[in-house]
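See structure below.
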Amino acid sequence: MTLRTRFAPSPTGFLHIGGARTALFCRLHTRRHGGVFVLRIEDTDQERSTPEAVEVILEGLRWLGLDPDEGPFFQSDNTELYRAAARRMVEEGSAYPCDCSRETLDEMREQQRLRGEKPRYDGRCRNRTTPIGDQPHVIRFKTPPAGETVWEDKIQGTILIDNAELDDLILIRSDGSPTYNLAVAVDDHHMGITLVLRGEDHVSNTPRQIHIFRALGWEVPEYAHMPLLHGADGAKLSKRHGAVSVLQYREEGFLPTALNNYLARLGWSHGEQEIFTMVELETWFDIGDLGRSAAIFDQNKLLWINGHHIRAAAPPQLVPELARQLGRLGIDPVPAPERLAAILPEFQPRAATMVEMAQKCRFLFVDSVLPYEEKAARKHLTAAALDPLLGLARHLEGVADWSPPSIEAAFQQTLQAFGLAMGQLAQPLRVVLTGSAASPGIIETLHMLGREQTLRRLHEGAEYLQQRH
RNA sequence: GUCCUGUUCGUCUAGUGGCCUAGGACACCGGCCUUUCACGCCGGUAACACGGGUUCGAUUCCCGUACGGGACGCCA
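See below:
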């Protein structure tokens, strides 16, 4: 039987980093074993599910390159399937109607809590003899009162739960809609899911779902519960707690391959390798190699991995994202792709994110870099810098082809003429050309900037110096 | 509170009874390279939660304690 897994987010908000990791693990594990990766949208909560959230989740998955092999399927399309399953269970005696009010239930739980018991439904409607009729009611599952439920979790190992710990969960709400546990079991069966891979926070739902499978006479799938992702405070990452949308990472200049690489390394390792391509992950990743404890998200390491992927990328691959980020910085029009591809190699080793890269190469695409960075100007734009800069301008005006060797020659001639060391000319020049004291190599910087802009900024700098000193 | 579950450097991890005076990576600190900033290279600080067993020998196995996390909805 071929492996079939599913990623089943509920569309009640953005796709956060924890959800993305679950999707990634499903995808990688499935690919590794030649299976099928299914996407199912769990929108049985009509109150909170929105089409916008569905769109955002799909976009997040698309950006990460985690498109499903099948789906997306929507649970809201299967309502009749769930109702039929519930009806059958009532007929066969494994489920029953219950008309206890929410107030009754609240009070019940409150009392139990006071007595130090686990809050749970006490099953008072289980054996009722009077028919409910048209009264609003829910359908509850008749949980086996004794015995234990055990499964061999592919990540956690053997998990054994005493059935006495479980209460009679609701299958169908009073408005006729199915609840999570029913919908999941029915869909996992009908979609032929063989491995349910999800977060550890679902462990307690597993025995309930296994019971439903058994009541319906279906084969129970395998389960694997992966450790959760925690925030810096050590608590579970969730939409209400610290987790941001994966699309936010795109805005901040992270590459999808880097994010996948980092997420995969959280809880999993392969020898002493840190950097992985998607293909490598798909050939080596296996949930059997996952650790069992939660991991804390570390932005620093993500930055390092991102920088690595930026450096390893072929320039043309980065062009669209650099263009987008420059646009966000107000560069209009955005430079031509060929131009960006040409300058990219100089900036790849100098940026941990695409946002940082856009900021660092911005000086190439503006009309003027004034005002200069204050600290840089104070340190390097002294009165002594004026004459050498003007001298360099004269030498540069004689350069016809603007090739790096020619620029270098003009630069060396100026150095000799004024008896200066490299840094004494390079630093003031850098400030005048880029506005800051840090940039790619000075010859490369002149070359990238072009003859016209270089000379213009040289004179602009000379003017600044004359006014200041 | 009850049930489930976890615990190796600050963080991610290697480690499945002797190869561990515990390895790698990020971060941090030094140094080298260098026209600046990066990249790269070299080096350093830093961890087996605690207590009992089992064993010739425990980071590794068992029990307990502590601390952490998850679950306990007509949410998923």
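The first sequence begins at 164 in the working numbering and counts up by one. We treat Cβ as the ideally placed atom computed from N, Cα and C, and that holds for glycine.
How close, in whole Å, do the beta carbons of residue i and residue j come, if the pair is a contact with beta carbons under 8 Å?
i, j, result
"V643", "A546", "Absent from the structure is residue 643, since the part of the chain shown begins at 164 and ends at 632."
"L618", "A556", "6 Å"
"L544", "Y535", "7 Å"
"E415", "T516", "6 Å"
"A395", "I335", "Between I335 and A395 the Cβ distance is about 41 Å, and since that is not below 8 Å, they are no contact."
"D325", "T306", "Not quite, the Cβ-Cβ distance comes to about 11 Å (not below 8 Å), so this is no contact."
"I295", "P260", "5 Å"
"V595", "R620", "6 Å"
"L552", "L592", "7 Å"
"E311", "K281", "E311 to K281, Cβ: 16 Å. No contact."
"V532", "G598", "3 Å"
Residue i lies in the alpha helix (DSSP H); which residues open and close that run?
i, result
"R487", "478-491"
"F581", "567-581"
"V199", "That residue, V199, is in no alpha helix (DSSP H); its beta strand (DSSP E) goes 199-204."
"V301", "V301 -> not in any alpha helix (DSSP H); beta strand (DSSP E) instead, spanning 301-304."
"G182", "180-195"
"A421", "419-428"
"R620", "614-631"
"D269", "265-277"
"E445", "441-447"
"G434", "Segment: none, G434 is in no alpha helix (DSSP H) and carries neither H nor E."
"Y284", "Looking at the DSSP string, Y284 is not in any alpha helix (DSSP H), and its letter there is neither H nor E."
DSSP three-state call for residue i: helix, strand or coil?
i, result
"S531", "coil"
"S257", "coil"
"I468", "helix"
"D240", "helix"
"E311", "strand"
"R251", "helix"
"D351", "helix"
"S173", "coil"
"L334", "strand"
"H393", "strand"
"P341", "strand"
"S367", "helix"
"K399", "strand"
"D452", "helix"
"A504", "helix"
"G223", "helix"
From what residue to what residue does the beta strand (DSSP E) around residue i run?
i, result
"A387", "385-389"
"L358", "358-362"
"T321", "320-325"
"T168", "167-170"
State the Cα-Cα distance for the pair residue i and residue j, rounded to the nearest angstrom.
i, j, result
"I494", "Q576", "35 Å"
"H393", "K402", "12 Å"
"L345", "R246", "9 Å"
"G182", "P172", "7 Å"
"I506", "D530", "18 Å"
"Q590", "L481", "29 Å"
"E484", "A521", "9 Å"
"T242", "R190", "27 Å"
"V347", "L202", "13 Å"
"R285", "A398", "It is Asp, not Arg, that sits at residue 285 in the sequence shown. Rounded to the nearest angstrom, the two C-alpha atoms are 31 Å apart."
"P496", "Q511", "22 Å"
"D449", "M164", "18 Å"
"S569", "A548", "22 Å"
"R225", "E382", "32 Å"
"I180", "R289", "42 Å"
"F602", "K523", "A small correction: the amino acid at residue 602 is Ser; Phe does not occupy that position in the sequence shown. Between S602 and K523, the C-alpha separation is close to 8 Å."
"W565", "D550", "22 Å"
"F170", "R361", "8 Å"
"L609", "E435", "41 Å"
"L583", "D461", "46 Å"
"L588", "A625", "13 Å"
"N469", "F439", "11 Å"
Let's test the definition: count the other Cβ atoms within 10 Å of the Cβ of residue i and tell me whether it reaches 16, buried, or not, exposed.
i, result
"I459", "exposed"
"N423", "buried"
"S432", "exposed"
"L323", "exposed"
"T185", "buried"
"S408", "buried"
"E270", "exposed"
"E519", "buried"
"E205", "buried"
"R194", "buried"
"K317", "buried"
"A514", "buried"
"L277", "exposed"
"R491", "exposed"
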